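A short worksheet on the structure shown next.
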Amino acid sequence: MKRIEVNLQTGQTQEVDLTPEEVAQAEAQYAAWQITETARLAAVAAEEERQAKFEEWLKTQG
Amino acid sequence: MSSVVLSGDTSGTVSLTVPAIAGSNTVTIPAGTGTVAVQGVSTNIVSGTAVASTSGTSIDFTSIPSWVKKITVMLTGVSTNGTSNPLIQIGTSGTPTTSGYLGSANNASGASYVNYTTGFGIASGNAANLLHGAMVLYSVTGNTWIASHSVGVSGATAASCGGGSVTLGGTLNMVRITTVNGTDTFDAGSINILYE
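Listed in order, the protein sequences are those of chains A and B.
Here the first sequence stands for residues 185 to 246, numbered as in the numbering used here.
Here the second sequence stands for residues 16 to 211, numbered as in the numbering used here.
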């Protein structure tokens, strides 16, 4: 994995490799994100299901 | 009206004048090397270097001067290769602060409202989306900063707006643009900052 660095003092832009520590941190960050994202998607799916059921019920009300 | 007249090396002059009835006032010119801004002619806003956001998992703008009180992060058609939302972090001593943020962002499609604690988030949520807009960071007092953004999307009928705050452990000197999961890669657009 790489990072782009723009040094405003020198005006230099360079692409640098992430250190092993930074890669490990990114992987931990990804694992945490995956848990949160899975929960969020489940909540969205549950809400969509509730909405679909409500719309079905609404159709029966004439 | 009295003036101090400075001659150009090659030609012309610049006159420093005071009103005819001036009273007793002191104007202190800041110590440092640079150009003094003149209202209506020049600006104190400094532009960084635009960088193509077509690779990398993060983009850092470093060596931001300590006197800066406002930073505008500008996104032009920015995209990543995944679904993790873009995140803007600020930091001290060249290291981004990764916790302690308060705030949220919404996706105008109404599909998501997300709190962010590891940075100032921008809802995107789709690899096909391109982000256009800006996040503005303001120094409130000391090392406390707030953020506000309004960003439109091409590739979907959506937009993101939101805000947040964070108190840094020292003087801000860097801005990082990354994603919440830290592993998605930028694959389109360009990013630049203005600071003042």
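Glycine residues also receive a C-beta, built at the ideal position from the N, C-alpha and C atoms.
As the structure is a prediction and not an experimental result, all values here were calculated from the model.
Beta-bridge partners of residue i, as assigned by DSSP
i, result
"A244(A)", "One point to set straight first is that residue 244(A) is Thr, not Ala, in the sequence displayed. Its beta-bridge partners do not exist; DSSP assigns none."
"W160(B)", "S154(B) and V181(B)"
"G134(B)", "Its beta-bridge partners do not exist; DSSP assigns none."
"Y210(B)", "V61(B) and I86(B)"
"A171(B)", "Partner(s): none; A171(B) has no beta bridge."
"K186(A)", "D201(A)"
"N122(B)", "S175(B)"
Under 8 Å from the C-beta of residue i: neighbouring residues of chain B
i, result
"K186(A)", "S70, G71 and T72"
"T222(A)", "The premise fails here: T222(A) is roughly 12 Å from chain B at the closest Cβ pair, so nothing lies under 8 Å."
"T203(A)", "Within chain B, no residue comes near T203(A); the closest Cβ sits about 12 Å away, beyond 8 Å."
Contacts that residue i makes with chain A (C-beta to C-beta distance below 7 Å)
i, result
"S81(B)", "What S81(B) touches in chain A: nothing, since even the nearest Cβ is about 12 Å away."
"V195(B)", "W217"
Chain A contact residues for residue i, given Cβ-Cβ distances below 9 Å
i, result
"N141(B)", "Result: empty, since nearest Cβ-Cβ is about 13 Å, beyond 9 Å."
"F76(B)", "E189, V190, N191 and L192"
"S99(B)", "Y214, W217 and E221"
Reference residue i; option with closest CA among the options
i, options, result
"G92(B)", "N59(B), Y131(B) and V166(B)", "V166(B)"
"L145(B)", "S119(B), L90(B) and T133(B)", "L90(B)"
"L102(B)", "I79(B), W82(B) and T133(B)", "T133(B)"
"S154(B)", "V56(B), T58(B), G177(B) and T186(B)", "T186(B)"
"E199(A)", "Q193(A), V207(A), R187(A) and N191(A)", "R187(A)"
"A149(B)", "G136(B), T107(B), S57(B) and A37(B)", "G136(B)"
"N121(B)", "Y131(B), G115(B) and T112(B)", "Y131(B)"
"G115(B)", "S108(B), Q104(B) and G109(B)", "Q104(B)"
"V181(B)", "D199(B), T198(B) and S119(B)", "S119(B)"
"D201(A)", "E211(A), E189(A) and G195(A)", "E189(A)"
"G179(B)", "Y210(B), L117(B) and T156(B)", "L117(B)"
"T32(B)", "S26(B), S17(B) and S57(B)", "S17(B)"
"T198(B)", "L192(A), Q235(A) and Y214(A)", "Y214(A)"
"G97(B)", "N158(B), A162(B), A142(B) and L152(B)", "A142(B)"
"S99(B)", "E211(B), T200(B) and Y210(B)", "T200(B)"
Classification of residue i by the beta-carbon crowding that lies within 10 angstroms, buried from 16 upward
i, result
"W217(A)", "buried"
"W160(B)", "buried"
"P204(A)", "exposed"
"I208(B)", "buried"
"E233(A)", "exposed"
"A210(A)", "buried"
"A223(A)", "exposed"
"S30(B)", "exposed"
"A35(B)", "exposed"
Residues that residue i contacts on chain B, provided the C-beta gap is smaller than 7 Å
i, result
"A324(A)", "Here chain A has residues from 185 to 246 only, and residue 324(A) is not among them."
"T244(A)", "Those within 7 Å of T244(A) in chain B number zero; the least Cβ separation is about 26 Å."
Beta-carbon neighbours of residue i, restricted to chain B and to distances below 9 Å
i, result
"E199(A)", "S70 and G71"
Near the ligand NAD: residue i beta-carbon under 8 Å from a heavy atom
i, result
"N59(B)", "Within the structure as shown, the ligand NAD is missing, as the structure has no ligands at all."
Partners in chain A for residue i, counting only beta-carbon separations shorter than 8 Å
i, result
"T64(B)", "V190, L192, G195 and T197"
- Are three or more beta carbon pairs between the stretch 166-176 of chain B and the stretch 32-51 of chain B nearer than 8 Å? no
- Query: With contact counted as at least three CB pairs below 8 Å, one residue from each stretch, are the stretch 74-82 of chain B and the stretch 177-193 of chain B in contact?
  - Reply: yes
- Query: Three or more C-beta pairs closer than 8 Å, one from the stretch 60-72 of chain B and one from the stretch 194-208 of chain B: is that the case here?
  - Reply: yes
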